[in-house]
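Asker: Line order of the protein sequences matches chains A and B. Quick note on our numbering: the first sequence kicks off at 62 and runs consecutively. Quick note on our numbering: the second sequence kicks off at 62 and runs consecutively.
There are 2 protein chains.
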Amino acid sequence: MYGCAIIGSGAAGVSAALTLKALNVSFIWFGSRALSQKIRSAENIANYPGLANVSGAEMSRAFSAQIDGAEIQITEKTVTGIYPSVGKYTLLCGDELFEAKTVILATGVEAVKPIRGELEFLGRGVSYCATCDGALYRGKEIAVLCTQKELEREVRFLASLARKVYLIPLYKNVEITEPNVETVKGMPLEIQGKERAERLVFRDSALEIDGVFLLKAAAPPSAMFSGLETEGGHIRVNRDMQTNMKGIFAAGDCTGKPYQYAKAAGEGNVAAHSVYHFLQ
Amino acid sequence: MYGCAIIGSGAAGVSAALTLKALNVSFIWFGSRALSQKIRSAENIANYPGLANVSGAEMSRAFSAQIDGAEIQITEKTVTGIYPSVGKYTLLCGDELFEAKTVILATGVEAVKPIRGELEFLGRGVSYCATCDGALYRGKEIAVLCTQKELEREVRFLASLARKVYLIPLYKNVEITEPNVETVKGMPLEIQGKERAERLVFRDSALEIDGVFLLKAAAPPSAMFSGLETEGGHIRVNRDMQTNMKGIFAAGDCTGKPYQYAKAAGEGNVAAHSVYHFLQ
Numbered sequence: 062m063y064g065c066a067i068i069g070s071g072a073a074g075v076s077a078a079l080t081l082k083a084l085n086v087s088f089i090w091f092g093s094r095a096l097s098q099k100i101r102s103a104e105n106i107a108n109y110p111g112l113a114n115v116s117g118a119e120m121s122r123a124f125s126a127q128i129d130g131a132e133i134q135i136t137e138k139t140v141t142g143i144y145p146s147v148g149k150y151t152l153l154c155g156d157e158l159f160e161a162k163t164v165i166l167a168t169g170v171e172a173v174k175p176i177r178g179e180l181e182f183l184g185r186g187v188s189y190c191a192t193c194d195g196a197l198y199r200g201k202e203i204a205v206l207c208t209q210k211e212l213e214r215e216v217r218f219l220a221s222l223a224r225k226v227y228l229i230p231l232y233k234n235v236e237i238t239e240p241n242v243e244t245v246k247g248m249p250l251e252i253q254g255k256e257r258a259e260r261l262v263f264r265d266s267a268l269e270i271d272g273v274f275l276l277k278a279a280a281p282p283s284a285m286f287s288g289l290e291t292e293g294g295h296i297r298v299n300r301d302m303q304t305n306m307k308g309i310f311a312a313g314d315c316t317g318k319p320y321q322y323a324k325a326a327g328e329g330n331v332a333a334h335s336v337y338h339f340l341q
Numbered sequence: 062m063y064g065c066a067i068i069g070s071g072a073a074g075v076s077a078a079l080t081l082k083a084l085n086v087s088f089i090w091f092g093s094r095a096l097s098q099k100i101r102s103a104e105n106i107a108n109y110p111g112l113a114n115v116s117g118a119e120m121s122r123a124f125s126a127q128i129d130g131a132e133i134q135i136t137e138k139t140v141t142g143i144y145p146s147v148g149k150y151t152l153l154c155g156d157e158l159f160e161a162k163t164v165i166l167a168t169g170v171e172a173v174k175p176i177r178g179e180l181e182f183l184g185r186g187v188s189y190c191a192t193c194d195g196a197l198y199r200g201k202e203i204a205v206l207c208t209q210k211e212l213e214r215e216v217r218f219l220a221s222l223a224r225k226v227y228l229i230p231l232y233k234n235v236e237i238t239e240p241n242v243e244t245v246k247g248m249p250l251e252i253q254g255k256e257r258a259e260r261l262v263f264r265d266s267a268l269e270i271d272g273v274f275l276l277k278a279a280a281p282p283s284a285m286f287s288g289l290e291t292e293g294g295h296i297r298v299n300r301d302m303q304t305n306m307k308g309i310f311a312a313g314d315c316t317g318k319p320y321q322y323a324k325a326a327g328e329g330n331v332a333a334h335s336v337y338h339f340l341q
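1. Checking contacts by CB at 8 Å: is PHE124/A closer than that to chain B?
2. Shortest alpha-carbon distance to ILE68/A belongs to which of GLY111/A, ALA333/A, TRP90/A, ALA83/A?
3. Please decide whether SER76/B counts as near chain A, where near means a Cβ-Cβ distance under 8 Å.
4. Helix, strand or coil, according to DSSP, for TYR322/A in the structure here?
5. Would you kindly report the start and end of the unbroken beta strand (DSSP E) that includes THR168/B?
6. Let me see if you follow: with CB-CB separation under 8 Å, is THR80/A close to chain B or not?
7. Which residues, taken in chain order from the segment 99-116 of chain A, show a beta carbon closer than 9 Å to some beta carbon of chain B?
8. What does the alpha-carbon distance come out to for the pair GLY231/A and VAL273/A?
9. Just the C-alpha distance for PRO282/A and CYS190/A, rounded to the nearest angstrom, thanks.
10. Using the Cα positions of VAL226/B and VAL187/B, report the straight-line distance between them to the nearest angstrom.
11. Counting along the chain, where does the alpha helix (DSSP H) carrying THR192/B start and finish?
12. Assuming contact is defined by CB atoms lying nearer than 8 Å, are SER121/B and GLY329/B in contact in what I supplied?
13. Using a Cβ-Cβ distance under 8 Å, would VAL331/A count as near chain B?
14. Could you pull out every residue in the same chain whose Cβ sits closer than 8 Å to the Cβ of ARG214/A, ignoring the five residues on either side in sequence?
15. Go through its chain and collect everything with a Cβ distance to ILE296/A's Cβ below 7 Å, but skip five positions before and after it.
16. Quick one: Cα of GLU181/B to Cα of GLU211/B, how far?
17. If the cut is a Cβ gap below 7 Å, which residues of chain D does LYS324/B touch?
18. I need the DSSP call for TYR46/A, collapsed to helix, strand or coil.
19. Smallest Cα separation from PRO175/A: which of LYS318/A, ALA72/A, ALA280/A?
20. Just the C-alpha distance for ALA267/B and ARG260/B, rounded to the nearest angstrom, thanks.
21. Below 8 Å between beta carbons: does that hold for GLY178/B and GLN127/B?
22. Classify SER70/B: buried if its beta carbon has 16 or more other beta carbons within 10 angstroms, exposed otherwise.
23. Could you have a look at TYR150/B and say whether DSSP puts it in helix, strand or coil?
24. If we count Cβ pairs, one from each stretch, closer than 8 Å, do we get three or more for the segment 201-209 of chain A versus the segment 218-225 of chain A?
25. May I ask you to list, following chain order, the residues of the segment 126-139 of chain B that have a beta carbon less than 7 Å from some beta carbon of chain A?
26. Report the start-end ranges of each alpha helix (DSSP H) in the segment 94-141 of chain A that is 4 residues or longer and not cut off at the edges.
27. Hey, quick one: how far does the beta strand (DSSP E) through ARG260/A stretch, first residue to last?
28. Taking the beta carbon of VAL147/B as the centre, do at least 16 other beta carbons fall within 10 Å, making it buried, or is it exposed?
29. Which of the three DSSP states is assigned to PHE159/B in this structure?
30. Using a cut-off of 7 Å between C-beta atoms, extract the partners of GLN321/A located in chain B.
31. GLU132/A: which of ALA72/A, ILE229/A, THR80/A sits nearest, CA to CA?
32. Based on DSSP bridge pairs, tell me the residues matched to ALA311/A.
33. Does DSSP classify VAL336/B as helix, strand or coil?
34. So if DSSP puts ARG177/B in a beta bridge, which residue, or which two residues, is it bridged to?
35. In this structure, how does DSSP classify ALA267/B when only helix, strand and coil are distinguished?
36. Can you confirm whether the segment 97-106 of chain B touches the segment 240-247 of chain B when touching is taken to mean that 3 or more C-beta pairs between the two stretches lie within less than 8 Å?
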């Protein structure tokens with residue numbers, strides 16, 4: 062049982078992890094060892110105090126080196142569900158379970174808005190996690206929306222199972238060469254179906270499918286668990302970064318604008334201190 | 062007339078200045094070119110994202126270089142009063158006036174708590190500003206509580222005017238050699254008097270004086286202007302860093318715990334964005 066589970070590895074997650082470490086709180090950190098794609102792709106960051114006019118890649122390298130120096134581990138798993146129990150939360154990553162007394166949501170704001178039908182068919186043909194649900198689609202036809210190049214290994218994994226994969230890449234330099242993968246251009250507008258997802262609809266066309274994988278850096282918090290208060294698409298928090306749910310804190314872009322690295326880092330720090338006080 | 066006046070040059074002030082600059086808002090920044098003494102004297106900062114295990118001196122150098130690179134000026138004056146007028150605020154620095162449409166208070170938390178009587182006798186024998194009020198004490202006997210070495214030049218200035226200066230230094234390596242300055246040990250507990258300050262009381266002794274100068278990095282916001290809502294000694298703000306007064310924002314340690322550089326930098330960033338939206 063961990064004192065805390067941090068979900069997300071952008072500036073807020075990095076800050077929360079460094080501070081929990083400094084406060085000697087045990088934690089597990091779900092994210093990407095490549096950290097946030099959004100940071101890495103920023104051209105120039107002019108107003109982050111301490112790092113003058115860095116590129117996103119430089120900031121990301123500075124964060125990585127600092128995390129390694131502090132001997133902090135990142136667990137590269139996608140949290141697909143969070144369930145409350147007495148005095149703790151259970152986090153589901155595919156078929157693996159983890160337990161933590163508190164959670165810090167630092168999931169960022171998806172550049173990709175949810176598609177119509179996405180939450181409706183979640184668990185009924187829609188999945189965020191290739192390793193969790195891939196086996197369900199052995200020999201079937203699936204659509205895979207992939208938001209970043211780092212997730213191509215999950216596309217390959219799905220291609221090894223499914224008969225046919227329609228890949229909708231939202232990044233450049235696609236390097237998938239599996240013969241059963243067909244790249245599709247355009248952004249899907251809606252997932253349709255009766256009991257389960259059956260059709261992925263584009264502006265002028267549609268794909269008949271058995272399932273849809275949405276490979277994102279993080280599942281939207283509203284999909285991870287229910288009951289979390291939001292406001293205008295952001296998680297509602299107070300000045301201590303506490304959400305409406307006891308023991309669940311949030312930090313960074315997911316709590317609202319401005320979408321700024323300094324704000325995210327500050328909120329990650331505050332959330333970590335709130336976790337510390339909560340655990341006392 | 063400036064779009065904004067920032068008061069304080071710790072991490073929150075630095076962050077606010079960098080962000081206002083990036084947002085192209087005109088501003089005047091009151092603080093110390095040596096930045097925050099608190100930062101400079103920190104031994105090791107382990108959890109500021111992007112700067113791994115830096116000393117306070119290193120962080121301060123990084124901030125300074127970044128400010129210089131962004132061509133941002135610091136005005137080394139002490140704001141002693143803030144007065145509202147229609148659509149703007151007037152800031153008093155001794156006998157100089159400045160005007161700004163908004164204010165960001167980033168004054169930090171005084172390591173030195175106010176002494177009993179300090180606010181009561183402010184302007185009646187108690188002053189925060191040597192250059193503002195020194196001339197009133199020509200030929201008189203004064204006590205000078207000095208919180209940091211950088212302010213010794215103000216002590217010397219006062220010694221050039223007053224007949225006798227009782228210096229209470231709260232720092233090491235005092236280098237004041239003026240013959241009319243007598244160093245006093247201990248921390249004063251109370252300022253007493255009838256109409257005006259007359260006596261500075263210590264645990265086992267008292268000094269009869271004509272005035273008391275309290276030389277701090279920043280005057281407490283409650284002394285600068287009235288009407289500001291506080292809570293437990295901190296300025297009350299919402300998630301946008303807005304205080305209860307329209308156009309007045311606050312950021313950093315002065316808004317509450319945790320007293321952390323990342324939090325301060327994040328809040329300075331948010332306050333700057335709020336100023337930007339306020340001015341639209």
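Here a beta-carbon is modelled for each residue, glycine too, at the ideal position from N, C-alpha and C. Owing to the predicted nature of the structure, the values given are computational and were not obtained by experimental measurement.
Answerer: Here's the rundown:
1. yes
2. TRP90/A
3. yes
4. Of the three classes helix, strand and coil, the one that applies to TYR322/A here is helix, per DSSP.
5. It is not in any beta strand (DSSP E) - THR168/B carries neither H nor E in the DSSP assignment.
6. yes
7. Answer set for the segment 99-116 of chain A: ALA107, ASN108, TYR109, PRO110, GLY111, LEU112, ALA113, ASN114, VAL115.
8. For the sequence presented, residue 231/A should be read as Leu rather than Gly. Those two C-alpha atoms are separated by around 15 Å.
9. 14 Å
10. 14 Å
11. 191-194
12. no
13. Yes, its Cβ sits closer than 8 Å to a Cβ of chain B.
14. none
15. LEU166, PRO282, LEU289, THR304, ALA311, CYS315, THR316
16. 27 Å
17. Among the protein chains of the structure shown, namely A and B, there is no chain D.
18. Residue 46/A falls outside the range modelled here, since chain A spans only 62 to 341, and no answer is possible.
19. Its Cα nearest to that of PRO175/A, the residue ALA280/A stands out among LYS318/A, ALA72/A, ALA280/A.
20. 7 Å
21. no
22. A buried status is given to SER70/B, since no fewer than 16 other beta-carbon atoms sit within 10 Å of its beta-carbon.
23. strand
24. Two segments are said to touch when three or more pairs of C-beta atoms, one from each, lie closer than 8 Å; by this definition the segment 201-209 of chain A touches the segment 218-225 of chain A.
25. ALA126, GLN127, GLY130
26. 98-101, 117-130
27. 258-262
28. Result: exposed.
29. strand
30. Residues of chain B passing the Cβ test: ASN330.
31. Closest by alpha carbon: THR80/A.
32. Residue pairing for ALA311/A: DSSP places it in a beta bridge opposite LEU166/A.
33. helix
34. BP columns for ARG177/B point to GLU251/B.
35. Correct three-state label for ALA267/B: strand.
36. no
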